[in-house]
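Contents: one structure, followed by commentary.
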Amino acid sequence: MRYPPIVKKMPHILHGGDYNPDQWIKWKDTIWKEDMRLAKLAGINTLTVGMFSWAALEPEEGWYDFAWLDELMDLLAENGIAAVLGTPSGARPAWMSRKYPEVLRVSASRVRNIHGERHNHCLSSPVYREKTRAINERLARRYKDHPALAVWHISNEYSGECHCPLCQAKFREYLKNRYKTLDALNEAWWTTFWSAAVGDWEQIESPGSPGNGGHNGLKLDWRRFTTEQFVDFYLNEAAPLKEITPDVPCTTNLMASYTGIDYARFAEVLDVASWDSYPRWTSAEGNGEIGLLTSYHHDLMRGLKLRPFMLLESCPSATNWRTVAKLHRPGLHKLQSLQALAHGADTVQYFQFRKSRGGPEQHHGAVVDHRGDEHTRVFRDVAELGDCLKGLDDLVGTDTPAQAALIHDYQVRWALEDAKGFLQEKTGYGETLLAHYRAFWKRGIPLDIIDSRQSLEKYRLVIAPMLYLLREGTAERIDQFVQNGGVFVATYATGYVNESALAFLGGFPGPLKEPLGVWCEEIDALYPGESNSIEWEGRIYRAFDLCELVHAEGAEVLGTYGSDFYAGTPALTVHRRGKGRAYFVAARTEGDFLDAFYRRLTAEAGIRPRFEELPEGVTAQVRSDGTTDFVFLMNFTNEKKTVPPDPGKTGIGLEPFEVKILRSETNL
Ligand code: GLA
Ligand code: ZN
Numbered sequence: 039m040r041y042p043p044i045v046k047k048m049p050h051i052l053h054g055g056d057y058n059p060d061q062w063i064k065w066k067d068t069i070w071k072e073d074m075r076l077a078k079l080a081g082i083n084t085l086t087v088g089m090f091s092w093a094a095l096e097p098e099e100g101w102y103d104f105a106w107l108d109e110l111m112d113l114l115a116e117n118g119i120a121a122v123l124g125t126p127s128g129a130r131p132a133w134m135s136r137k138y139p140e141v142l143r144v145s146a147s148r149v150r151n152i153h154g155e156r157h158n159h160c161l162s163s164p165v166y167r168e169k170t171r172a173i174n175e176r177l178a179r180r181y182k183d184h185p186a187l188a189v190w191h192i193s194n195e196y197s198g199e200c201h202c203p204l205c206q207a208k209f210r211e212y213l214k215n216r217y218k219t220l221d222a223l224n225e226a227w228w229t230t231f232w233s234a235a236v237g238d239w240e241q242i243e244s245p246g247s248p249g250n251g252g253h254n255g256l257k258l259d260w261r262r263f264t265t266e267q268f269v270d271f272y273l274n275e276a277a278p279l280k281e282i283t284p285d286v287p288c289t290t291n292l293m294a295s296y297t298g299i300d301y302a303r304f305a306e307v308l309d310v311a312s313w314d315s316y317p318r319w320t321s322a323e324g325n326g327e328i329g330l331l332t333s334y335h336h337d338l339m340r341g342l343k344l345r346p347f348m349l350l351e352s353c354p355s356a357t358n359w360r361t362v363a364k365l366h367r368p369g370l371h372k373l374q375s376l377q378a379l380a381h382g383a384d385t386v387q388y389f390q391f392r393k394s395r396g397g398p399e400q401h402h403g404a405v406v407d408h409r410g411d412e413h414t415r416v417f418r419d420v421a422e423l424g425d426c427l428k429g430l431d432d433l434v435g436t437d438t439p440a441q442a443a444l445i446h447d448y449q450v451r452w453a454l455e456d457a458k459g460f461l462q463e464k465t466g467y468g469e470t471l472l473a474h475y476r477a478f479w480k481r482g483i484p485l486d487i488i489d490s491r492q493s494l495e496k497y498r499l500v501i502a503p504m505l506y507l508l509r510e511g512t513a514e515r516i517d518q519f520v521q522n523g524g525v526f527v528a529t530y531a532t533g534y535v536n537e538s539a540l541a542f543l544g545g546f547p548g549p550l551k552e553p554l555g556v557w558c559e560e561i562d563a564l565y566p567g568e569s570n571s572i573e574w575e576g577r578i579y580r581a582f583d584l585c586e587l588v589h590a591e592g593a594e595v596l597g598t599y600g601s602d603f604y605a606g607t608p609a610l611t612v613h614r615r616g617k618g619r620a621y622f623v624a625a626r627t628e629g630d631f632l633d634a635f636y637r638r639l640t641a642e643a644g645i646r647p648r649f650e651e652l653p654e655g656v657t658a659q660v661r662s663d664g665t666t667d668f669v670f671l672m673n674f675t676n677e678k679k680t681v682p683p684d685p686g687k688t689g690i691g692l693e694p695f696e697v698k699i700l701r702s703e704t705n706l
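Structure (structure tokens):
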């Protein structure tokens, strides 16, 4: 399966980055021209412009200056470079904050920001919405037929929340729509507890600073509301662009480790998912764990739309905001860039093209350093990659054919983080997902990471660790999947609450009790250093952190606990149901268990790895158009590795940090 290129007229891997030519307007006759030469030399075909340029584009209210951007867009077109055109709402001119203080964001402790920095506007302010829309409309009208225009990059890294009176009023409206009556809201939030009953909509306030946060239901709804605020803000920004340039894709840059927005919902309004990847690559010891985490993040972002995405920012060298701004070891730039492609990206873009001379990011890695020319190691790395990308046109639009999926749900994470109980300091939702993902990554078996609302039909194996909160219909869909022949895995801390964070009555895991054939009576939290064990198939595996006490009610017991008062009780079960099986892992375990367990389950589900064995720190990921497979073999260690030969073939050698792309006939 092959998707159309993100930019229809560019059937190439997009290579480029954030470029801030307005910082160099005074030197445009020299620096801008030199930048074009350097970009082409580096094999760059796209540059992102205008993203933080509001003060340059509208220096005074209603007085617009597009002359410099006209000149720049022409220059890009003349040089065959496409523009990813930014909308400037991520930072605003000072005149606006001064004249309209309502645009300034208010914190959870109800303090209004002063003007400065960025990402700090109110999400409701009618003035801010009107101003962003007005400038976006002008940008769209002005450049709609410009040959350089390729993609709209809306705003920058939407994040945070605003607690101003305007946002409070909108929150109340949102709740009125959601619950219709105060009675329904009071029940959903369980406000009989601590006299929290709401007697009038006006009594509702957004959660305050930590310690003054309010009930779980309120907190969940506030985050859902904030997500809707961003959706709404984005749609307001995108409206004139969609109307005037309907064929130009719109996106905004997400952050894989950011959890303040339900990206699964937010992505519904994006034409293409895109994100900013800044892995904390370590030193000469190698990067196996960081490689794993970065792969996970790519798959998480790809899963938002399950089609090719944009690596909209990455760093060609040292990332200045890391406490240790480490240089990329030789080979690492190519590895991190091709890793993104391996997981479904069709672009490699950077922050930033030319290093700024001053300001907070003057020491952030860039393609062009302060020296200002091509004679640097980083530039050579980028140019070498540019050459390599030119040979990958046939990769554009290819699919990432996973037969197994891992469920990740932002709202489950929120509910778990708010839950007082279990293991508050180490709830470990993200870590747990990563631990399960690891068992696949090290064998080179691709996984989709999907939200619990997404369809399960195309998979053979679905894993849903710690599915603490169950949305309406999720349990039924999982049951259907199993009955139709799927293999499903659930774990401890599953099926405790509904979407309002109200506990399921009648036994956990709530509506999954029957599909899984278990009843979870209690959950034991262990102190650091304590452990229990699971005995399964004659081997003993360590269990720690959380051990759930389970009764098999229809399921077959495969493994049992080794110690404590629940020794001998079920720790691993399987429930045969319809044509499929539903497994339940009752405790947190180490990787050795997950490795053995998933070896068994992938075999059972008929999922075969591409290579029998992969060395430590090496993964293989696949993209495919259905006829040709592109197998990316990646070595994240600083040692030479050999992928053991399949019978009748020779082994494949990989240098430290090397990536090899092997093309073969599809054989999934
Ligand atoms: C983010 C922002 C960029 C820049 C980089 C620096 O991703 O989007 O504007 O600040 O971080 O790493
Ligand atoms: Zn506000």
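Using the working numbering, you'd call the opening residue of the sequence shown number 39 and step up by one each time. C-beta atoms are modelled at their ideal positions from N, C-alpha and C, and glycine is treated no differently. These numbers were taken from a predicted model, which means no experiment stands behind them.
Which ranges would you report for the beta strand (DSSP E) in the region 299–349 if only whole runs of at least 3 residues count?
Whole beta strand (DSSP E) segments, 3+ residues: 312–315.
Helix, strand or coil at Asp407 according to DSSP, with G and I counted as helix
Asp407 sits in coil when the DSSP states are folded into three classes, being neither helix nor strand.
Rounded C-alpha distance that separates Pro641 from Ile487:
One detail in the question is off: residue 641 reads as Ala in this sequence, not Pro. Whole-angstrom Cα-Cα distance: 20 Å.
Pull up the distance between the alpha-carbon of Phe526 and that of Ala620, whole angstroms please.
Cα to Cα, the separation comes out at about 5 Å.
Extent of the continuous alpha helix (DSSP H) run through Leu454:
Note, Leu454: alpha helix (DSSP H), Tyr448 to Asp456.
Inter-residue spacing [alpha-carbon to alpha-carbon] between Leu543 and Trp228:
Taking the straight line from one Cα to the other gives about 14 Å.
I think Ala129 touches Leu85, with their Cβ atoms under 8 Å apart; what is that distance to the nearest whole Å?
By a beta-carbon distance limit of 8 Å, Ala129 does not contact Leu85. Their separation comes to about 19 Å.
Taking just the CA atoms, how far does Thr414 sit from Trp62?
Approximately 21 Å between the Cα atoms of the pair.
If I follow the unbroken beta strand (DSSP E) through Glu586, where does it start and stop?
Glu586 -> beta strand (DSSP E) spans Arg577 to Ala590.
How big is the Cα-Cα spacing for Arg743 and Glu573?
Residue 743 lies beyond the residue range present for the chain, which begins at 39 and ends at 706; the question has no answer from this structure.
Given Asp384, which residues of its chain have a CB within under 8 Å of its CB, disregarding the five upstream and five downstream residues?
Exclusion of the five residues before and after Asp384 leaves Pro43, Ile44, Ile51, Leu52, Pro346, Phe347, Met348, Leu433, Val434 and Gly435 as the residues of its chain whose Cβ lies within less than 8 Å of its Cβ.
In whole angstroms, what separates the C-alpha of Arg476 from that of Arg150?
So the two alpha carbons sit approximately 43 Å from each other.
Under the three-state DSSP convention, the category Met504 falls into:
DSSP places Met504 in the coil class of the three-state scheme, outside both helix and strand.
Check whether the region 139–154 touches the region 85–95, counting contact only when three or more Cβ pairs, one atom from each stretch, lie closer than 8 Å.
No, because fewer than three Cβ pairs between the region 139–154 and the region 85–95 fall closer than 8 Å, the two stretches do not touch.
Do the region 583–594 and the region 542–557 touch if we need at least three Cβ pairs shorter than 8 Å?
Taking a cut-off of 8 Å for Cβ pairs, the region 583–594 and the region 542–557 touch, as three or more such pairs fall below it.
Name, in chain order, the residues that DSSP records as bridge partners for Lys486.
Looking at the sequence shown, residue 486 is not Lys but Asp. Per DSSP, Ala443.
Look at Leu213 and Trp452 and say whether their C-beta atoms are less than 7 Å apart.
Not closer than 7 Å, so no.
Leu666, DSSP secondary structure in three states:
In the sequence as presented, Leu is not what sits at residue 666; that position holds Thr. In the three-state scheme derived from DSSP, where H, G and I count as helix and E and B as strand, Thr666 is classed as strand.
Per DSSP, what kind of secondary structure is Pro608 in: helix, strand or coil?
DSSP places Pro608 in strand when its eight states are reduced to three.
Sequence-distant residues of its chain with Cβ nearer than 8 Å to Ser197 (five each side left out):
Cβ within range, chain order: His157, Met293, Tyr296, Gly298 and Ile299.
Tell me whether the beta-carbon of Glu537 lies closer than 7 Å to the beta-carbon of Arg509.
Yes, the pair counts as a contact, with Cβ atoms nearer than the cut-off.
Using a threshold of 6 Å, is the CB atom of Leu142 nearer than that to any non-hydrogen atom of the ligand ZN?
Outside the cutoff, so no.
Note down the Cα distance separating Glu560 from Arg646, rounded to an integer number of angstroms.
Taking the CA atoms as reference points, Glu560 sits about 37 Å from Arg646.
heavy atom of the ligand GLA below 6 Å from Asn194 C-beta:
Annotation for Asn194 indicates a beta carbon within 6 Å of some heavy atom of the ligand GLA.
Output yes if chain B places a C-beta closer than 7 Å to the C-beta of Ser312; else output no.
Here chain B cannot be found, since the structure has a single protein chain.
Cβ of Glu225 within 6 Å of any heavy atom in the ligand HEM?
Because the ligand HEM does not appear in the structure shown, any question about it cannot be addressed here, the ligands present being the ligand GLA and the ligand ZN.
Val189 versus Trp106: straight-line alpha-carbon distance, rounded:
So the two alpha carbons sit approximately 19 Å from each other.
Let me make sure I understand the geometry here. Which of Glu696, Asp667 and Gly524 has the alpha-carbon closest to that of Val612?
Of Glu696, Asp667 and Gly524, the residue nearest in Cα terms is Gly524.
Are the region 63–81 and the region 447–467 touching by the rule of at least three beta carbon pairs closer than 8 Å?
Not touching, per the Cβ criterion.
Taking the CB atoms as reference points, tell me whether Leu499 and Ala442 lie closer together than 7 Å.
In this structure, Ala442 lies closer than 7 Å to Leu499 by Cβ.
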